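S.K.: The first sequence begins at 6 in this note's numbering and counts up one residue at a time. By construction, the Cβ of each residue, glycine as well, lies at the ideal position given by its N, Cα and C atoms. Fair warning: this is a prediction, and the values are worked out from it, not measured in the lab. Have a look at this one before I ask anything.
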Amino acid sequence: MFQQQIQETRPLTTAHLAQTMALLHMTIEEIQQSIEKELSSNPALELKEERRCPTCQRLLGEHEPCPVCSRPQNISEDEPVVFISPRDDFSPRTDSYAEEYPDERDLSPTVDDLPTYVLRQIALELPAQDRPLVAYMLAHLDDDGFLTIDLVEIAMYFHVPLSKIQQLKRMIQRADPLGVCSSSPQEAMLVQLELLAETIAVPNFAYEIIQDGMAFLTKRQFNELAHQFNTSLSNIQDAVSYISDNLNPFPGRSHWGDVRDPVKISVEVFHRPDIIIGHINDDPEMPLAVEIIMPIGGTLRVNPLFRKAIKKAPTEQKETWKQDIDRASLFVKCLQQRNHTMKRLMYNLVKIQKDFILQGPKYIQPITRVQLSRVLDVHESTISRAVSNKTVQLPNKHIIPMADFFDRSLNVRTVLREIIAKETKPLSDAKLVKLLSAKGYDVARRTVAKYRAMEGILPAHLRNLPNQTS
DNA sequence: CTATGGCACGGATT
DNA sequence: AATCCGTGCCATAG
6 MFQQQIQETR PLTTAHLAQT MALLHMTIEE IQQSIEKELS SNPALELKEE
56 RRCPTCQRLL GEHEPCPVCS RPQNISEDEP VVFISPRDDF SPRTDSYAEE
106 YPDERDLSPT VDDLPTYVLR QIALELPAQD RPLVAYMLAH LDDDGFLTID
156 LVEIAMYFHV PLSKIQQLKR MIQRADPLGV CSSSPQEAML VQLELLAETI
206 AVPNFAYEII QDGMAFLTKR QFNELAHQFN TSLSNIQDAV SYISDNLNPF
256 PGRSHWGDVR DPVKISVEVF HRPDIIIGHI NDDPEMPLAV EIIMPIGGTL
306 RVNPLFRKAI KKAPTEQKET WKQDIDRASL FVKCLQQRNH TMKRLMYNLV
356 KIQKDFILQG PKYIQPITRV QLSRVLDVHE STISRAVSNK TVQLPNKHII
406 PMADFFDRSL NVRTVLREII AKETKPLSDA KLVKLLSAKG YDVARRTVAK
456 YRAMEGILPA HLRNLPNQTS
């Protein structure tokens, strides 16, 4: 069935091909922008009104019947249901900031520089007389998003009370690169934590660790932390993994990533997934449903009225109208092509990586992009484009980069973490190599060292164990 | 002598 | 063509 569709939707022109590739490369936000731009600039394009599935209320896309409800019953468990899912709500993962920042603002971090981007967000709620102050503060941010001058200095410069500056700073810190305009990584993380705590639970000690244990945290000396707060190592580890998963000590780098940063604790919390994988009706018995999100409420098409109207159009306008129609139809075709490629890609990817999706990173299949490109019969760069910059929400509600599906070392790294977590005395890298190969993971000694570094685990001789509690 | 980190090479990715 | 990642070799620290 897929084979036939390929033939139908093969790119016909180079323009088609180029635009399809561009669309493939885009994240959900960029596609949304692209569609909105096209809609507003091209009268021949229209957004067909949304249709919902009568039984499950799901927004329907190009499929006539609901892909979930009308799924044939005789399909095997292994067959994932892949479909394009148009939606205006993005059902962000519950533990992200996304809920804090609904779509009312046009958040397009890549176009503006950091100060402009931040200023835009808060300009509306900012009294006019305070704008120079904020502008001044934003002008003194460094690449990491930190404030480089003293608050007192600003207050004196503008002859305003210090509390005023503090209040403004607080407001800025709550804008999108969350924690921007802080004076230190510590402060930035505290702000993020505070805001995060409003929506989800924060593990015990997370706050205290940042507040008082930064020195140990940066060195990853967890056992010292456990000692300092008089608690178990696992409590600390929970808190720390929460911190590194959700907080960003360098707010300026989350979007304006600076390559010279070797110790970035990366965070990907500011966006919505491009693809959502979940069980149908959240029932683990059911097969997996893969939703490829389209950021619009209905489907796009060439406006049929416009097509009719062109026949009786005045001659001098006929030409431009025709161009509009051609452009609209090209756009729709490209979008369909893009979606179709994504569908095929995800279908195969989910089938191959089912264990990974359901049971965690240990079970990832070490597949390369090239292998998959052969299966799909597309060029490998197509896969690269489709995968890069995209994120996927798994059934467990975690959002991961799509590139993780191709990460050769993810499984080894998780096993490595497990081994070290369970070790009773510090194991050297060489010992770890043996243990890993016993479990079927053949990696070089040197590589283990690198993985350790990636996971933030100290070398064996610095790794003292919990206070013999376990 | 052992355990690790730095540098460089080759294949994979972009 | 440029960049990233796993690995081997070597220097250094303990």
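Taking a contact to mean a Cβ-Cβ separation below 8 Å, would you say glutamate 229 touches phenylalanine 221 in this structure?
M.R.: yes
S.K.: Can you grab the Cα-Cα spacing for the pair serine 75 / valine 397, in whole Å?
M.R.: Serine 75 and valine 397 have their alpha carbons spaced roughly 25 Å apart.
S.K.: Does the stretch 449-466 come close enough to the stretch 423-438 that 3 or more CB-CB pairs lie under 8 Å?
M.R.: With a cut-off of 8 Å, the stretch 449-466 and the stretch 423-438 count as touching, because enough Cβ pairs lie within range.
S.K.: Can you list the beta strand (DSSP E) stretches of 3 or more residues lying completely in the stretch 300-376, in chain order?
M.R.: 304-307
S.K.: So, is proline 182 buried or exposed, given that buried needs 16 or more other C-beta atoms within 10 angstroms?
M.R.: buried
S.K.: Could you have a look at leucine 183 and say whether DSSP puts it in helix, strand or coil?
M.R.: coil
S.K.: Hey, is the stretch 187-198 in contact with the stretch 229-243, meaning 3+ C-beta pairs nearer than 8 Å?
M.R.: Flag = no, the stretch 187-198 and the stretch 229-243 do not touch.
S.K.: What number of angstroms, rounded off, separates the C-alpha of valine 139 from the C-alpha of serine 189?
M.R.: 18 Å
S.K.: For lysine 174, which option in Ala202, Phe210, Asp135 and Tyr162 has the closest C-alpha, if you only look at C-alpha atoms?
M.R.: Asp135
S.K.: So for arginine 110, helix, strand or coil by DSSP?
M.R.: Note that arginine 110 has pLDDT 31, beneath the 50 cutoff, so the model's placement of it is unreliable and the number below is only indicative. Coil at arginine 110, not helix or strand.
S.K.: Among Thr25, Cys61 and Leu65, which one has its Cα closest to the Cα of glycine 302?
M.R.: Here the closest residue by C-alpha is Leu65.
S.K.: Okay, do the stretch 385-399 and the stretch 344-360 touch, 3+ Cβ pairs below 8 Å being the bar?
M.R.: The stretch 385-399 makes contact with the stretch 344-360, as at least three CB pairs between them are under 8 Å.
S.K.: Exposed or buried, which one is arginine 422 when buried takes at least 16 other CB atoms within 10 Å?
M.R.: Under this definition arginine 422 is a buried residue.
S.K.: Please report the residue range of the alpha helix (DSSP H) in which lysine 42 lies.
M.R.: 33-46
S.K.: Three Cβ pairs or more, each shorter than 8 Å: is that satisfied between the stretch 377-394 and the stretch 20-36?
M.R.: yes
S.K.: Quick check on DSSP: helix, strand or coil for threonine 236?
M.R.: coil
S.K.: Examine the Cβ distances between the stretch 200-212 and the stretch 162-169 and report whether three or more of them are shorter than 8 Å.
M.R.: no
S.K.: May I ask you to report which of helix, strand or coil DSSP gives threonine 19?
M.R.: Here threonine 19 carries a helix assignment [DSSP, helix/strand/coil].
S.K.: Any chance you could list the alpha helix (DSSP H) runs of at least 4 consecutive residues sitting entirely within the stretch 431-473, in chain order?
M.R.: The stretch 431-473 contains these whole alpha helix (DSSP H) runs: 434-443 and 450-460.
S.K.: Could you name the residues of the same chain whose beta carbon sits closer than 6 Å to that of threonine 115, not counting the 5 residues immediately before and after it, in chain order?
M.R.: Residue confidence for threonine 115 is low, a pLDDT of 36 falling below 50, so the modelled location carries little weight; the figure read from the coordinates is stated next. Residues of the same chain with a CB within less than 6 Å of the CB of threonine 115, apart from the 5 flanking positions on each side, do not exist.
S.K.: Excluding the five sequence neighbours on either side, which residues of its own chain have a C-beta within less than 7 Å of the C-beta of glutamate 84, listed in chain order?
M.R.: Hits under 7 Å: Pro292.
S.K.: Who does alanine 294 pair with in a DSSP beta bridge?
M.R.: Val86 and Gly283
S.K.: Excluding the 5 residues preceding and the 5 following asparagine 308 in the sequence, name in chain order all residues of the same chain whose CB lies nearer than 6 Å to its CB.
M.R.: The beta carbon of asparagine 308 is closer than 6 Å to those of Ala49 and Glu51 in its chain, skipping five residues each way along the sequence.
S.K.: What would DSSP say about valine 420, mapped onto helix, strand or coil?
M.R.: The answer is helix: DSSP assigns valine 420 an H, G or I state.
S.K.: Tell me, to the nearest whole angstrom, how far the beta carbon of phenylalanine 336 is from that of glutamate 35; I am working on the premise that it is less than 8 Å.
M.R.: With a Cβ gap of about 14 Å, phenylalanine 336 and glutamate 35 do not count as contacting.
S.K.: Within the same chain, show all residues whose beta-carbon is closer than 7 Å to that of proline 1, passing over the 5 residues directly before and after it, in chain order.
M.R.: Any question about residue 1 goes unanswered here, given that the chain covers just 6 to 475.
S.K.: Express the C-alpha separation of arginine 450 and isoleucine 425 in angstroms, rounding to a whole number.
M.R.: So the alpha carbons of these two residues sit roughly 15 Å apart.
S.K.: Distance check for asparagine 47 and serine 529, CA to CA, integer angstroms please.
M.R.: There is no way to answer for residue 529, as the model of the chain reaches only from 6 to 475.
S.K.: Quick check on the burial criterion: 16 or more other C-beta atoms within 10 angstroms. Buried or exposed for proline 59?
M.R.: exposed
S.K.: May I ask which residues mark the beginning and end of the alpha helix (DSSP H) holding threonine 396?
M.R.: Where threonine 396 is concerned, there is no enclosing alpha helix (DSSP H), although the beta strand (DSSP E) it sits in stretches over 396-398.
S.K.: Is it right to say leucine 467 is buried, meaning 16 or more other beta carbons lie within 10 angstroms of its own, or is it exposed?
M.R.: Label assigned to leucine 467: exposed.
S.K.: Looking only at its own chain, which residues have a Cβ that is under 7 Å from the Cβ of alanine 144, when we skip the five neighbours before and after it?
M.R.: Pro120
S.K.: Check whether the Cβ atoms of phenylalanine 411 and arginine 374 sit closer than 8 Å, and answer yes or no.
M.R.: Yes, the pair counts as a contact, with Cβ atoms nearer than the cut-off.
S.K.: Using a Cβ-Cβ cutoff of less than 6 Å, which residues in the same chain neighbour valine 295 once the five nearest sequence positions on both sides are dropped?
M.R.: Pro85, Val87, Ile282, Met351 and Val355
S.K.: Since leucine 441 contacts proline 366 with CB under 8 Å, what's their CB separation in whole angstroms?
M.R.: Contact flag wrong, Cβ pair sits at about 15 Å.
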